[in-house]
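See structure below.
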Amino acid sequence: MNIRLPARTGGQYAALGLLVVAVAALSVGFQDFRTSGNIENLLVQATPLLIVAIGQTLVVLTNGLDLSVGAMISLTTAIIAVTGSPLAGVALSLGAAVVLGVVNGVGVARFKVHPIIMTLATATLLQGVVLVILPTPGGAVAVGLVHAANGELLGIPLAILWSGLALLVGALLLHKSRFGLHLYSIGGGADNAKLAGVHVTRTLIASYVVCALFAALAGVFMAGRISSGDPWVGASYGLDSIAAVAVGGTQLIGGIGGLLGTACGALLLGLIGNGLNLMQVDPFFLPVVNGSLLLLAVCLRRRKELGL
Amino acid sequence: MMKSDTTLIADKSAAVDRSALGRLQGALTDVPPSVWILIALLVFCVFASPVLLKMPFQLVIFRQAAPLGLAVCAQVLAMRCRSIDLSIVGVFILVNFIACSPAVAALDPWLAVLIPLLAGALIGLINGFFITVVRASAVIVTLATGAILVGIVLFLNSGFPPGSVPEVIKYLGQGRVASVPIAGLIWIATLVVLTLPLHFLVFGRLLKAVGDSPNAGMLSGLPVRRVILFCHIASGLLAALGGLLLTGYIGVSSTRIGADVVMNSIAGVILGGITFGSPKGGLFGPAIAAFSLALLFNILNVFGAGESGKFIVQGLVIAGAALLGGIGTNNR
Chain E
-17 MNIRLPARTG GQYAALGLLV VAVAALSVGF QDFRTSGNIE NLLVQATPLL IVAIGQTLVV
43 LTNGLDLSVG AMISLTTAII AVTGSPLAGV ALSLGAAVVL GVVNGVGVAR FKVHPIIMTL
103 ATATLLQGVV LVILPTPGGA VAVGLVHAAN GELLGIPLAI LWSGLALLVG ALLLHKSRFG
163 LHLYSIGGGA DNAKLAGVHV TRTLIASYVV CALFAALAGV FMAGRISSGD PWVGASYGLD
223 SIAAVAVGGT QLIGGIGGLL GTACGALLLG LIGNGLNLMQ VDPFFLPVVN GSLLLLAVCL
283 RRRKELGL
Chain G
5 MMKSDTTLIA DKSAAVDRSA LGRLQGALTD VPPSVWILIA LLVFCVFASP VLLKMPFQLV
65 IFRQAAPLGL AVCAQVLAMR CRSIDLSIVG VFILVNFIAC SPAVAALDPW LAVLIPLLAG
125 ALIGLINGFF ITVVRASAVI VTLATGAILV GIVLFLNSGF PPGSVPEVIK YLGQGRVASV
185 PIAGLIWIAT LVVLTLPLHF LVFGRLLKAV GDSPNAGMLS GLPVRRVILF CHIASGLLAA
245 LGGLLLTGYI GVSSTRIGAD VVMNSIAGVI LGGITFGSPK GGLFGPAIAA FSLALLFNIL
305 NVFGAGESGK FIVQGLVIAG AALLGGIGTN NR
């Protein structure tokens, strides 16, 4: 299947290989790793990162970046915790995500603001709004939502189901729809895409909206998981999701990469945390290992561009 | 474009008026947004809180702005060659850790200042190496080095009791010469020193060319990689100086130092009228931006806006400046 698009694959298979090697090494080295409980735990913990990273992939493929996903996650948990009703909370959050996506998209696509600047500004603004809604962690989340995030179906955690569903939706959008094809073409070269008849502005705005929606869904899951709201819970996800996408072999200049790599990247980052925990390494050391992995990942792929 | 040409032919007098107006408009859009913001803030102070305009307060704000001002200088150099430095927060924390470690505090005062600065330059060199030699994305590289530095310092700090800041660094951060804060003087001196290569040496033109188009620079045989490498080394050094002044100012070892400096430095650059690879724009706009941001935070404190208000205003200001810049380029 991938023979058709070899040039668009990027380093996805390298990420898959790295994931397989890491899983093999940890299963050989640690008996505790092999227990089904640990592996389930790992998958559940990686779920929010995976969901955010799917949306981030779509934006990165257009040669963009969305740093506001972290604040969007925090906003969603805050809204759900404050409103109390899951239906109204989720609906409000999705509405807020559409607004955020449109603002980001219009700034980037229409006014040609650099995505880093635009989404950094909206992330800051949104973080302020979150702190107005919910200054300190707290609030109550409806029982149904807590069950949906932490429950099990036939012995399998529901979280795995949610991440599988998110991956499926992301894959359909990216690989089976015209929208996905247009994302790749814009990432390959926005001017050429425009000449080929792609509505560049519209598609870019849509990509930021979809990314914000995925972030809101990750926030809904987070709210259920911690069963409360936390204005800072999403803070690290902006950068972590970009790390997952980059480790997954998607190139930040756009047009090259995909969701297989992103899934591997998100799982790899989760695996590292899990492995360090098993090795009883100081948790403060985690960012050092993650950062080094990120540097290693970018060293493995040479590109033509200099700078950003 | 077409439209203005036809009016030029149809009605000459109107065209002259318009071109004069156009020139005025051009001159006004060349003024960095930070100047307008500073004017707006000062006018606001006159009516709402005149006490902030008194000289002692202005000098306090001047001192508070100095570390950010240096971080903004660092970010200007990175962004003008189409790169970015997200590792400034890591450098701030590293500098704080090194300056407060007992081994460094026991050394000569000169070395206590020099070693943190060299550490900053080394981080810049590492960033520059990955960006120019490995050709990795600057966002990823500086993000990773920043995360690694923060992690290393937190890891090393978890077992150590916090040390104390050497007197010489406290003096740099808190001292005054005839009631003018030394930190501010260091900032001004740095601006003057930086203006030299940017405006009067070949380096400034190289930077302009590289920022405009790295590929064209490469094809014309310019030392594109060396320019970017040098900018990152200088960026690390300037960030380290900012971190040193902030360490001296707060006077204690802290792992939370400079938590929002990356964000504010980018804000300062944007408000200073500079974006990625922008060919024009000196250090005046960004310096005014750093001062304006410090003044803005003080005003927000006076009115009890709290953390949330600070974030909202900050986000609005950056988005506003960036969008206005976008509208400007769209019309051209």
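Order-wise, the sequence lines are chains E and G. Residue numbers for the first sequence follow my numbering, so the first one is -17 and each next one is one higher. Residue numbers for the second sequence follow my numbering, so the first one is 5 and each next one is one higher. We treat Cβ as the ideally placed atom computed from N, Cα and C, and that holds for glycine. Quick caveat, the model's predicted, so the values are computed rather than measured.
For residue 207 of chain G, the nearest beta carbon of chain E is not closer than 9 Å to its own beta carbon. With respect to residue 127 of chain G, residue 91 of chain G sits close: the two C-beta atoms are nearer than 9 Å. Around residue 270 of chain E, the beta-carbon contacts reaching into chain G at under 8 Å are 151, 152, 155, 156 and 159. A Cβ of chain G is located within less than 9 Å of the beta carbon of residue 96 of chain E. Proximity to residue 302 of chain G across G:255, G:113, G:45 and G:24 peaks at G:45, based on C-alpha coordinates.
Per DSSP, residue 229 of chain G is one residue of the alpha helix (DSSP H) stretching across 228 to 254.
By the Cβ test, the stretch 252 to 263 of chain G is not in contact with the stretch 281 to 291 of chain G, since fewer than three Cβ pairs between them sit closer than 8 Å. Along the stretch 47 to 71 of chain G, there is no position whose C-beta sits under 7 Å from a C-beta of chain E.
Residue 79 of chain G has a beta carbon lying at 9 Å or more from every beta carbon in chain E. Within the stretch 107 to 137 of chain G, no beta strand (DSSP E) run of at least 3 residues lies entirely inside it. Residue 34 of chain E and residue 55 of chain E have their alpha carbons spaced roughly 9 Å apart.
Scanning chain G for C-beta atoms nearer than 8 Å to the C-beta of residue 228 of chain E yields 141 and 144, reported in chain order. Excluding sequence positions up to five before and after residue 211 of chain E, its CB lies within less than 7 Å of the CB of 59, 60, 62, 63, 64, 116, 119, 120, 121 and 205, all in the same chain and listed in chain order. Residue 99 of chain E is classed as buried because its beta carbon has at least 16 other beta carbons within 10 Å across all chains shown.
Contacts with chain G (Cβ-Cβ distance below 8 Å) from the stretch 96 to 110 of chain E involve 96, 98, 99, 100, 102, 103, 104, 105, 106, 107, 108, 109 and 110, listed in chain order. By the Cβ test, the stretch 94 to 104 of chain G is in contact with the stretch 236 to 254 of chain G, since at least three Cβ pairs between them sit closer than 8 Å. Per DSSP, the continuous alpha helix (DSSP H) segment holding residue 14 of chain E begins and ends at 13 to 16. Interface flag for residue 315 of chain G against chain E is set, since a Cβ pair is found closer than 9 Å. Residue burial is scored here from C-beta neighbours: residue 86 of chain G has at least 16 other C-beta atoms within 10 angstroms and is therefore classed as buried. Interface residue (Cβ-Cβ distance to chain G less than 9 Å): residue 189 of chain E is not classified as such.
Chain order gives the chain G residues near residue 274 of chain E as 152, where near means a beta carbon separation below 7 Å. Three or more Cβ pairs drawn from the stretch 104 to 124 of chain G and the stretch 150 to 170 of chain G lie within less than 8 Å of each other, which places the two stretches in contact. The three-state secondary structure of residue 207 of chain E, taken from DSSP, is helix. Selection E:172, E:176, E:162 and E:198 evaluated against residue 188 of chain E yields E:162 as nearest (Cα-Cα). Straight-line spacing of the CA atoms in residue 235 of chain G and residue 195 of chain G works out to 15 Å. DSSP, reduced to helix, strand and coil, places residue 137 of chain E outside both helices and strands of the structure shown, so it counts as coil. Taking the C-beta atoms as reference points, residue 237 of chain E is found no nearer than 9 Å to residue 31 of chain E.
Taking C-beta separations shorter than 6 Å and ignoring five residues to either side along the sequence, the partners of residue 87 of chain E in its chain run 186, 187 and 190, following chain order. Annotation: residue 235 of chain G has no Cβ neighbours in chain E at a cutoff of 9 Å; minimum Cβ distance is about 10 Å. Following the DSSP letters along the chain, one finds residue 211 of chain G inside the alpha helix (DSSP H) bounded by residues 206 to 216. Residue burial annotation: residue 129 of chain E is exposed, with fewer than 16 other C-beta atoms found within 10 angstroms of its C-beta.
Taking 9 Å as the upper bound on Cβ-Cβ separation, chain E lies near residues 228, 229 and 232 of the stretch 228 to 253 of chain G.
Residue 280 of chain G belongs to the set of residues whose beta carbon lies under 9 Å from a beta carbon in chain E. Under the Cβ criterion of 9 Å, residue 224 of chain E is counted among the residues facing chain G. The alpha-carbon separation between residue 324 of chain G and residue 13 of chain E amounts to approximately 55 Å. Contact of residue 160 of chain E with chain G by beta-carbon distance below 7 Å is absent, the smallest such distance being about 27 Å.
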